[in-house]
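Reviewing the structure listed below.
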Amino acid sequence: MSKVALITGITGQDGYYLTKLLLEKKYVVHGTVRRSSTINTQRIDPLISKYKSNENLTLHYSDLLDPSSLNQLIQKIQPDEIYNLAAQSHVAVSFKNPVFSTQTGTLGPLSILEAVKNADKDIKYYQASSSEMFGGIDSQQLNENSKFIPKSPYAASKVFAHQITTIYRESYGVFGVNGILFNHESPHRGETFVTRKITRAIGRIKFGLQSKLTLGNLDAYRDWGFAGDYVKGMWMMMNHKTPSDWVLATGESHSVREFLEIGFKEVGLNYEDYVVTSEKYFRPNEVNHLLGDPSKAKQYLGWEPETSFQELVKLMVQSDLKLAEREKTLIENNLLDPTWEYST
Ligand code: NAP
Ligand code: G4F
Numbered sequence: 029m030s031k032v033a034l035i036t037g038i039t040g041q042d043g044y045y046l047t048k049l050l051l052e053k054k055y056v057v058h059g060t061v062r063r064s065s066t067i068n069t070q071r072i073d074p075l076i077s078k079y080k081s082n083e084n085l086t087l088h089y090s091d092l093l094d095p096s097s098l099n100q101l102i103q104k105i106q107p108d109e110i111y112n113l114a115a116q117s118h119v120a121v122s123f124k125n126p127v128f129s130t131q132t133g134t135l136g137p138l139s140i141l142e143a144v145k146n147a148d149k150d151i152k153y154y155q156a157s158s159s160e161m162f163g164g165i166d167s168q169q170l171n172e173n174s175k176f177i178p179k180s181p182y183a184a185s186k187v188f189a190h191q192i193t194t195i196y197r198e199s200y201g202v203f204g205v206n207g208i209l210f211n212h213e214s215p216h217r218g219e220t221f222v223t224r225k226i227t228r229a230i231g232r233i234k235f236g237l238q239s240k241l242t243l244g245n246l247d248a249y250r251d252w253g254f255a256g257d258y259v260k261g262m263w264m265m266m267n268h269k270t271p272s273d274w275v276l277a278t279g280e281s282h283s284v285r286e287f288l289e290i291g292f293k294e295v296g297l298n299y300e301d302y303v304v305t306s307e308k309y310f311r312p313n314e315v316n317h318l319l320g321d322p323s324k325a326k327q328y329l330g331w332e333p334e335t336s337f338q339e340l341v342k343l344m345v346q347s348d349l350k351l352a353e354r355e356k357t358l359i360e361n362n363l364l365d366p367t368w369e370y371s372t
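So for the sequence shown, the numbering used here puts the first residue at 29; every next one is plus one.
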């Protein structure tokens, strides 16, 4: 019989890649979506077209801040696995909307864990933990035992969710998994995260739709991998015999500046001719350096990243060149208003 998975945050980047993976593995997938005034299912629309008519993919309105809807949903669909990917996941925004970010990041996981604890069947729970929890002060390589020094409301809420998952594992025997994922990117990455902001701008600059790119701290270092590789790791963690905490990372760290250099070079341009910085994009408290050690996942899960940093940058640039070309055609046909530079 097919396994049943529930994914919160199915409309996000990881939601897309995980849904695709689980459907390919013949799971029956349920996902939660928030009602919004504009359509927010663009990422998964191709999957909806392909699988929804077979009843392998079903969407439900819910919100992490509505525990009763989550509880009812879990009782109704009786999932084997729950992947809690939903979060206000933008670190800089969490300083601007701290209460919402924290409520979503803490009460959401707790509500699901309560429903899992009280369910009649054993349900596995995946918590989307984050390398932001480490605070990243220097170039030290971080693993499952490294200290948490959260530096934003986002990171603090992730620490709570991580720890409450461990507490439910130890206190009630819940199969609770914490995936401590370092930054992972893709052509489906939200456009206000730095990698996608850069590759969108490169595409738009190349097609004459944008003249400059305004960023914040160019000297921040991140351990950037490809999201498609990381969702495989999530599934491996959930299908390992024992629940645990797992770091997924590449073991390489690069600066925003290096990302710019490679990205602009891919289209024959020099980033220094286009990039300006503004205080607007600096954070009240910066995470300077993140570098992960994925040895445990490699040894016990057999997980390894398959996409290099250079390949990641190139695949994102190539995808955004195609998008900019389509954007240009729409503008030329008066079907879209030109925007000189996005304000995000
Ligand atoms: P994302 O693209 O921002 O997606 C976040 C998802 O959460 C979206 O589906 C969003 O819905 C949903 N959401 C936000 N607030 C919600 C609420 N109150 N109730 C229900 N749903 C809500 O994030 P991602 O990159 O896929 O990341 C997935 C998870 O992994 C997040 O928890 C993130 O914090 C964590 N994480 C990500 C990374 C990374 O590098 N990508 C690294 C470590 C951990 P809408 O589409 O309606 O906004
Ligand atoms: O792309 P970012 O916004 O990602 P950040 O803050 O590392 O968070 C992402 O990864 C976490 C895992 O460690 C996730 F938990 C989290 O949900 C999210 O997916 O920023 C990366 C770096 C930062 O140091 C930031 O200061 O890029 C720097 N940066 C420089 N200019 C910028 C900009 N970031 C953004 N978003 N926009 C800029 O203009």
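Glycine included, each C-beta is placed from N, C-alpha and C at the ideal position.
Nothing here was measured: the structure is a model prediction, and the numbers come from that model.
Any heavy atom of ligand 1 closer than 6 angstroms to the Cβ of residue i?
i	result
residue 58	no
residue 73	no
residue 41	yes
residue 321	no
residue 125	no
residue 214	no
residue 33	no
residue 93	yes
Does ligand 2 have even one heavy atom less than 6 angstroms from the beta-carbon of residue i?
i	result
residue 44	no
residue 248	yes
residue 101	no
residue 303	no
residue 244	yes
residue 158	yes
Check this for me: beta carbons of residue i and residue j, under 7 angstroms apart or not?
i	j	result
residue 234	residue 295	yes
residue 274	residue 211	no
residue 39	residue 84	no
residue 51	residue 79	yes
residue 185	residue 133	yes
residue 58	residue 105	yes
residue 117	residue 181	no
residue 36	residue 114	yes
residue 348	residue 228	yes
residue 333	residue 367	no
Where does the unbroken alpha helix (DSSP H) through residue i begin, and where does it stop?
i	result
residue 293	284-294
residue 226	222-234
residue 275	Not the alpha helix (DSSP H): residue 275 falls in the beta strand (DSSP E), residues 273-276.
residue 335	From DSSP, residue 335 is part of no alpha helix (DSSP H); its letter is neither H nor E.
residue 176	Careful: residue 176 lies outside any alpha helix (DSSP H) and carries neither H nor E.
residue 194	181-200
Say yes only if the C-beta of residue i is nearer than 6 angstroms to one or more non-hydrogen atoms of ligand 3, and no if none qualify.
i	result
residue 88	Ligand 3 is not part of the structure shown, which contains ligand 1 and ligand 2 as its ligands.
Report yes or no: is there a C-beta of chain B within less than 7 angstroms of the C-beta of residue i?
i	result
residue 141	Checking the listed chains, one finds no chain B in this structure; it contains a single protein chain.
Could you tell me the boundaries of the beta strand (DSSP E) in which residue i lies?
i	result
residue 208	204-209
residue 88	85-89
According to DSSP, what are the bridge partners of residue i?
i	result
residue 242	304
residue 254	213
At what residue ranges does the region 297-327 contain a whole run of the beta strand (DSSP E), taking only runs of 3 or more? 303-305
My parser needs the alpha helix (DSSP H) runs of 4 or more residues fully inside the region 103-165; what are they? 119-124, 126-146
At 4 residues or longer, what runs of the alpha helix (DSSP H) sit wholly inside the region 34-79? 41-52, 73-79
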